[in-house]
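To start, the structure itself, in structure tokens.
There are 2 protein chains.
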Amino acid sequence: MELKRQSDCPSLPPGWRREEVVRQSGLSAGKTDVYYYSPDGKKVRSKPMMARYLGEGFDLATFDFRTGKINHSSIRKRIRQDSSLSLPIRQTASIFKQPVTVKRIREDTDSKTKTDLKHGPQDPPKQLFWEKRLQGFHAVDSSEDILKALDLPRNVQGVGPELSTENILQSISAALHMNNGPVMGQGNNKQALSKNPGANIDANQPHIQQTMITEEDIKRQEMKVIEARRRLEEAMKGLL
Amino acid sequence: MELKRQSDCPSLPPGWRREEVVRQSGLSAGKTDVYYYSPDGKKVRSKPMMARYLGEGFDLATFDFRTGKINHSSIRKRIRQDSSLSLPIRQTASIFKQPVTVKRIREDTDSKTKTDLKHGPQDPPKQLFWEKRLQGFHAVDSSEDILKALDLPRNVQGVGPELSTENILQSISAALHMNNGPVMGQGNNKQALSKNPGANIDANQPHIQQTMITEEDIKRQEMKVIEARRRLEEAMKGLL
DNA sequence: CGGAGTGGTACA
DNA sequence: TGTACCACTCCG
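Chains as they are written, first to last, in the UniProt record's numbering: chain Y, 1 to 240; chain U, 1 to 240.
Structure (structure tokens):
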């Protein structure tokens, strides 16, 4: 009768062991508890407690205590829930407790294709072209001089009505922060959208046309990163 | 240095004593352990152990081992969480995500008496006179004959619009199941309520007038219980 | 008094 | 509603 088992945990510093124990009785019988043992033998029963043992040196942000694995998507989830980093959303009368947008779902159990308005948990409403609400806002440095925005590569083209370079950058950076999946840009063509914006916009993708990234592009970017790291290293030496 | 003290424990059969010992050192310094001593001097260190000593004859379900007192609310809490035993509740349009009832709270931190609508966790809404939604439903026996409802004592009077004996019984039994506190009936007078039902109803109390229970009533009820037990004992003998 | 094991609760 | 955390019980 194998009720517990200890194992190494590759996501943690060496010496830590992980144990899974099945509850044998009581109301919670059958549930499992996960414990860890530190290299010095201390039993650790929760993530906060583990953080206390590991100290500042080890970042548990992406560590899933239950599974014992690093969860790379969890970090984005956490950011998304930080309201200071949420997108500006459509402003509507607050008496509507339901999100204003609804989602059509398909009842797969039924043979005919039935569509229905789904209630319950939904994605929060997204405003198309919300970036325009940020127009006129700028990041400034400590002396309140406006920081120059980045330039866009020539092959990154905006999709939508009168989007500034700034808007497009906001759109891209938001998509990088908010999306769990790949960030690819809009699949539809530029002409159709400028006539009827919103008709076919994918609110989860930035407002840029899909762009072909070549091996060349990747190489060039890698070189830039390497060069930047080299310069940072130089600068650090200067500080010692 | 008084670290322990023994005392009688009125919630237990006579002869049982209770002792409280403060832990002096270690990680748990300052915490207390509670022990009991049975009439024959045996030390008892836990509730399961006590149940073993007392046997079937004494019900420890409501006994709080730590405090040594009977806790009437604990057993009812367990029942209340069984959704099959919840009251029929008001049916309202589901678009209202907020409970329809609100609770006024007093901001005690403020010197003026401020009232405010409290959001967040609240008691579930209670429908006044919800019993009427059960009208026409009856318990039946295995041959689907309707079981005769109980009769009410003459001094138990309904409070509310056209409540049947059945409604009143439902109301009383629900209150006995759901309430943590004493079940006393409505404090207001019958006349006012039949004109404006709901005006001053206490939804936590059954819809009966407050009734004086005399020593006589209690005696009579005790006799009934004793008689019922005697007859049960007879019947059990017949089965052997 | 320690600690394994379960319960209870706040939070998402 | 489920889950994570931690308080608590019970017994060594």
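Note that the Cβ used here is the ideal one computed from N, Cα and C, for glycine as well.
- For the 7 angstroms CB-CB criterion, Asn167 of chain U and Glu144 of chain U do not form a contact.
- For Leu60 of chain U and Leu12 of chain Y, the gap between their C-alpha atoms comes out near 47 angstroms.
- Between Trp16 of chain Y and Tyr36 of chain Y, the C-beta spacing is below 7 angstroms.
- Within a 10 Å sphere around the beta-carbon of His72 of chain Y sit fewer than 16 other beta-carbons, which makes this residue exposed.
- Taken atom to atom, the span from the alpha-carbon of Pro161 of chain U to that of Gln205 of chain U is near 16 angstroms.
- By the beta-carbon neighbour count (other beta carbons within 10 angstroms, threshold 16), His138 of chain Y is exposed.
- The C-beta of Arg66 of chain U has fewer than 16 other C-beta atoms within 10 Å across all chains shown, which makes the residue exposed.
- Excluding its 5 nearest sequence neighbours in each direction, Arg23 of chain Y has C-beta neighbours in its own chain below 8 angstroms: Ala29, Gly30, Lys31, Thr32 and Asp33, listed in chain order.
- Its chain contains no residue whose beta carbon lies nearer than 8 angstroms to that of Gly26 of chain U once the 5 sequence neighbours on both sides are disregarded.
- The residues His138 and Val140, in chain order, have a CB closer than 6 angstroms to that of Ile146 of chain Y in the same chain once the five nearest residues on each side in sequence are set aside.
- Approximately 6 angstroms separates the beta-carbon atoms of Gln210 of chain Y and Gly187 of chain Y; this is inside 8 angstroms, confirming the contact.
- In the same chain as Glu20 of chain U, and ignoring 5 residues on each side of it, the C-beta atoms closer than 6 angstroms to its own belong to Thr32 and Val34, in chain order.
- Gln170 of chain Y counts as buried, since no fewer than 16 other beta carbons sit within 10 angstroms of its beta carbon.
- Residue pairing by DSSP places Val159 of chain Y in no beta bridge whatsoever.
- When DSSP reads this structure, Glu20 of chain U sits in a beta bridge with U:Arg5 and U:Val34.
- In the three-state reduction of the DSSP assignment, Gln210 of chain Y falls in the coil class.
- Taking the C-beta atoms as reference points, Ile208 of chain U is found nearer than 7 angstroms to Val159 of chain U.
- For the options U:Leu232, U:Leu176, U:Gly41 and U:Leu163, the alpha carbon positioned closest to that of Gln135 of chain U is the one of U:Leu163.
- Counting of Cβ neighbours within 10 angstroms places Val44 of chain Y among the buried residues, the total reaching 16 or more.
- Rounded to the nearest whole angstrom, the CA to CA distance from Met49 of chain U to Ser7 of chain U is 19 angstroms.
- Taking the Cβ atoms as the reference, Gly68 of chain U lies roughly 5 angstroms from Cys9 of chain U, within the contact range of under 8 angstroms.
- Leaving aside the five residues that flank Val183 of chain Y on each side, the residues in its chain whose CB is nearer than 8 angstroms to its CB run, in chain order, Ile172, Ala175, Leu176, Gln205 and Pro206.
- Linking Pro14 of chain U to Ser38 of chain U through their CA atoms gives a straight-line distance of about 9 angstroms.
- As computed with DSSP, Val225 of chain Y is found in no beta bridge at all.
- For Arg52 of chain U, the uninterrupted alpha helix (DSSP H) segment begins and ends at Lys47 to Leu54.
- In the displayed model, Ile168 of chain U falls within a helix according to three-state DSSP.
- Between Ile201 of chain U and Leu128 of chain U, the C-beta gap is smaller than 7 angstroms, which places the two residues in contact.
- Pro153 of chain Y and Thr165 of chain Y have their C-alpha atoms spaced approximately 10 angstroms apart.
- Asp40 of chain Y carries a coil assignment under DSSP once its states are collapsed to helix, strand and coil.
- Assignment of Asp145 of chain U by DSSP, reduced to helix, strand and coil, places it in the coil class.
- Secondary structure of Asp217 of chain U (DSSP, three-state): helix.
- Around the beta carbon of Arg18 of chain U, 16 or more other beta carbons lie within 10 angstroms, which makes this residue buried.
- Taking Asn155 of chain U as reference, the option from U:Met236, U:Asp217 and U:Ala203 with the minimal CA-CA separation is U:Asp217.
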